[in-house]
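S.K.: The structure's right below; bear with me while I get my questions together.
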Amino acid sequence: DGGITQSPKYLFRKEGQNVTLSCEQNLNHDAMYWYRQDPGQGLRLIYYSQIVNDFQKGDIAEGYSVSREKKESFPLTVTSAQKNPTAFYLCASSSSLGPGETQYFGPGTRLLVL
Amino acid sequence: KNQVEQSPQSLIILEGKNCTLQCNYTVSPFSNLRWYKQDTGRGPVSLTIMTFSENTKSNGRYTATLDADTKQSSLHITASQLSDSASYICVVSAGTYAGNMLTFGGGTRLMVKP
Chain D
737 DGGITQSPKY
747 LFRKEGQNVT
757 LSCEQNLNHD
767 AMYWYRQDPG
777 QGLRLIYYSQ
787 IVNDFQKGDI
797 AEGYSVSREK
807 KESFPLTVTS
817 AQKNPTAFYL
827 CASSSSLGPG
837 ETQYFGPGTR
847 LLVL
Chain B
4 KNQVEQSPQS
14 LIILEGKNCT
24 LQCNYTVSPF
34 SNLRWYKQDT
44 GRGPVSLTIM
54 TFSENTKSNG
64 RYTATLDADT
74 KQSSLHITAS
84 QLSDSASYIC
94 VVSAGTYAGN
104 MLTFGGGTRL
114 MVKP
């Protein structure tokens, strides 16, 4: 998991509630990413950030929001607009944005709906 | 649309045996292909990376091959161990500088039994 921490490990969301997943890295990486993993499917990109105070929507951004106020932190908020939030959420970082850069993943947060 | 297909979806082998996992992709423009290992409930960890000009890459008991003409890759595991039980994910990178440059396969779930 190398230098990327995610918390909590498990998170429960009630109907209509917003919840925030934490992601911190101490690798001094500029780029950070959020992915969603559903059983039997490939990881899907939610949001990514190339640099502090900048972020871009990924393939499935609806119902999610992010911020990048600090280089080491990239929290993800799952809003009540996300109707099917139950999934495994993975945060990743890389030195910079680019196809040659290896992305390093955190241990993940499993979100469950009550 | 960029796609990565992996087979088989799941595989059970006995400890000490060899196995081969397959990955077919349609990603353009192609930059590189990675194999990741993901233990249950954890984030993926990179095993190998291959660019267009590389045919094979080894990492201990893991050997990856790439045929860029047929757009196929394989991951061969030699003398399997119980700790090899995990999901193996094929990830293809497009030659772009955007957060969605990675296309993930759905993974092969490997179980090694004693």
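Respectively, the protein sequence lines represent chains D and B.
Once you know that position 111 of the first sequence is 847 in the working numbering, the rest is easy, because the numbers rise by one and skip nothing.
Once you know that position 108 of the second sequence is 111 in the working numbering, the rest is easy, because the numbers rise by one and skip nothing.
Every residue, glycine too, gets a C-beta built ideally from N, C-alpha and C.
(1) So for aspartate 70 (chain B), helix, strand or coil by DSSP?
(2) Looking only at DSSP bridge pairs, what is lysine 60 (chain B) linked to?
(3) So, is glutamine 753 (chain D) buried or exposed, given that buried needs 16 or more other C-beta atoms within 10 angstroms?
(4) Rank B:Ile16, B:Val94 and B:Gly19 by C-alpha distance to the C-alpha of isoleucine 52 (chain B) and give the top, closest one.
(5) Have a look at glutamate 18 (chain B) and aspartate 42 (chain B) and give me their C-alpha separation to the nearest angstrom.
(6) Compare the C-beta of tyrosine 784 (chain D) with all C-beta atoms of chain B and state if any pair is closer than 8 Å.
(7) Around the C-beta of methionine 114 (chain B), are 16 or more other C-beta atoms found within 10 angstroms, so that it is buried, or is it exposed?
(8) Going along the chain, which residues of the region 750–775 of chain D sit with their C-beta nearer than 7 Å to a C-beta in chain A?
(9) Between which two residues does the beta strand (DSSP E) holding arginine 780 (chain D) run?
(10) Give a yes or no on whether the minimum CB-CB distance between arginine 804 (chain D) and chain B is below 8 Å.
(11) Residues of chain D with CB closer than 7 Å to the CB of valine 7 (chain B), please, in chain order.
(12) Measure the Cβ-Cβ separation of alanine 97 (chain B) and valine 30 (chain B) and say whether it is below 8 Å.
(13) Compare the C-beta of threonine 813 (chain D) with all C-beta atoms of chain B and state if any pair is closer than 8 Å.
M.R.: Judging by the given coordinates:
(1) The answer is strand: DSSP assigns aspartate 70 (chain B) an E or B state.
(2) Answer by DSSP bridge pairing, in chain order: B:Ala67.
(3) Glutamine 753 (chain D) comes out exposed.
(4) Selected option, being the one with the closest Cα: B:Val94.
(5) Rounded to the nearest angstrom, the two C-alpha atoms are 17 Å apart.
(6) Against chain B, the CB of tyrosine 784 (chain D) has a partner CB under 8 Å away; the residue lies at that interface.
(7) Using a 10 angstroms sphere on the CB of methionine 114 (chain B), the tally of other CB atoms stays under 16, which defines it as exposed.
(8) Among the protein chains of the structure shown, namely D and B, there is no chain A.
(9) First-last of the beta strand (DSSP E) with arginine 780 (chain D): 780–787.
(10) No, its Cβ sits nowhere closer than 8 Å to a Cβ of chain B.
(11) Under a criterion of Cβ atoms nearer than 7 Å, the residues of chain D adjacent to valine 7 (chain B) are, in order, Gly778.
(12) Against a cut-off of 8 Å, the Cβ pair of valine 30 (chain B) and alanine 97 (chain B) comes out as a contact.
(13) False, the Cβ-Cβ gap to chain B never drops below 8 Å.
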